[in-house]
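Residue numbering for the sequence shown follows this note's numbering, beginning at 37 and increasing consecutively. By construction, the Cβ of each residue, glycine as well, lies at the ideal position given by its N, Cα and C atoms.
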Amino acid sequence: MVVIREKGIICELDDAAPSSSQVVAANPLAKVPTLILDDGRALYDSSIIVEYLDGLVATPKLIPEKFEERIEVKRWEALGNGIMDAAVAISHENREPKETRKGPDFYAKQQRKIDAGLATMEKDLNDEEFCHGDTFTLADIACGCTLICVDIRLPKMDWRKHFPALARHLARIVKRGSFNIL
Numbered sequence: 037m038v039v040i041r042e043k044g045i046i047c048e049l050d051d052a053a054p055s056s057s058q059v060v061a062a063n064p065l066a067k068v069p070t071l072i073l074d075d076g077r078a079l080y081d082s083s084i085i086v087e088y089l090d091g092l093v094a095t096p097k098l099i100p101e102k103f104e105e106r107i108e109v110k111r112w113e114a115l116g117n118g119i120m121d122a123a124v125a126i127s128h129e130n131r132e133p134k135e136t137r138k139g140p141d142f143y144a145k146q147q148r149k150i151d152a153g154l155a156t157m158e159k160d161l162n163d164e165e166f167c168h169g170d171t172f173t174l175a176d177i178a179c180g181c182t183l184i185c186v187d188i189r190l191p192k193m194d195w196r197k198h199f200p201a202l203a204r205h206l207a208r209i210v211k212r213g214s215f216n217i218l
């Protein structure tokens, strides 16, 4: 939704659950997000949807055209996705009955992924205004969404204390209108 707002795309949004009949009919994986195109085809997975939306509307360009820059932005996206996957895994596991939870090794493994991922983001951001280059890109969206996800899924994790550049970056980018929906 952040990309839709950044690009100024007008579309119908439906807050459907992954198990809803509409999502199941459109997406064989029964996952959200799913983007249903005007011709009825469906796109699934955030990275494909973002790629489509960035190509659909020329400006602002969120994924650079130049190969090296594009790869760097997509690297931020992949890193964010990995951190979010680990945060969601912990959050889901916390909802399981205690007797069926996977145990401390599972939690430690997921937490290491989050910590290492955030440390990499912190180092790479290096107090710059943007995650990559001199303009707002998908890298900044990925970073912001990742940090918000960690806040929501792991509210007791005090990542701001350990990653102050990320904390400052999030404080800046959530002021953008596109992040008002989160």
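Once you ignore the five residues that flank residue i on each side, which residues in its own chain have a CB closer than 7 Å to its CB?
i    : result
C47  : I40
R106 : I99 and P100
Which first and last residues belong to the beta strand (DSSP E) in which residue i is found?
i   : result
I72 : T70 to I72
L79 : A78 to Y80
Report the CB separation of residue i from residue j in whole angstroms; it is logged as a contact under 8 Å.
i    : j    : result
A123 : R208 : Going by Cβ atoms, the distance from A123 to R208 rounds to 22 Å, so no, they are not a contact pair.
L98  : L174 : 4 Å
L115 : T156 : 6 Å
L73  : K43  : So it is not a contact: roughly 15 Å between Cβ atoms.
Under 6 Å Cβ to Cβ from residue i, same chain only, skipping five residues before and after it: list those, please.
i    : result
F199 : L154 and E158
K149 : A122
Report the option in the options whose CA atom is closest to the CA atom of residue i.
i    : options                  : result
D163 : N117, R212 and L202      : L202
P64  : D74, A52, L79 and D75    : L79
V109 : L161, D51 and R196       : L161
K102 : H168, A62 and G213       : H168
A66  : F215, S55, D50 and Q146  : S55
V186 : S127, V38, P133 and E104 : S127
D176 : D194, A94 and L206       : L206
I45  : A61, Q58, K192 and T95   : T95
The alpha helix (DSSP H) spanning residue i covers which residue range?
i    : result
P140 : P140 to L161
T182 : L174 to R189
K102 : K102 -> no alpha helix (DSSP H), and no H or E assigned at all.
Among the residues of its own chain, which have a CB less than 8 Å from the CB of residue i, if the five just before and after it don't count?
i    : result
Y143 : I126 and E129
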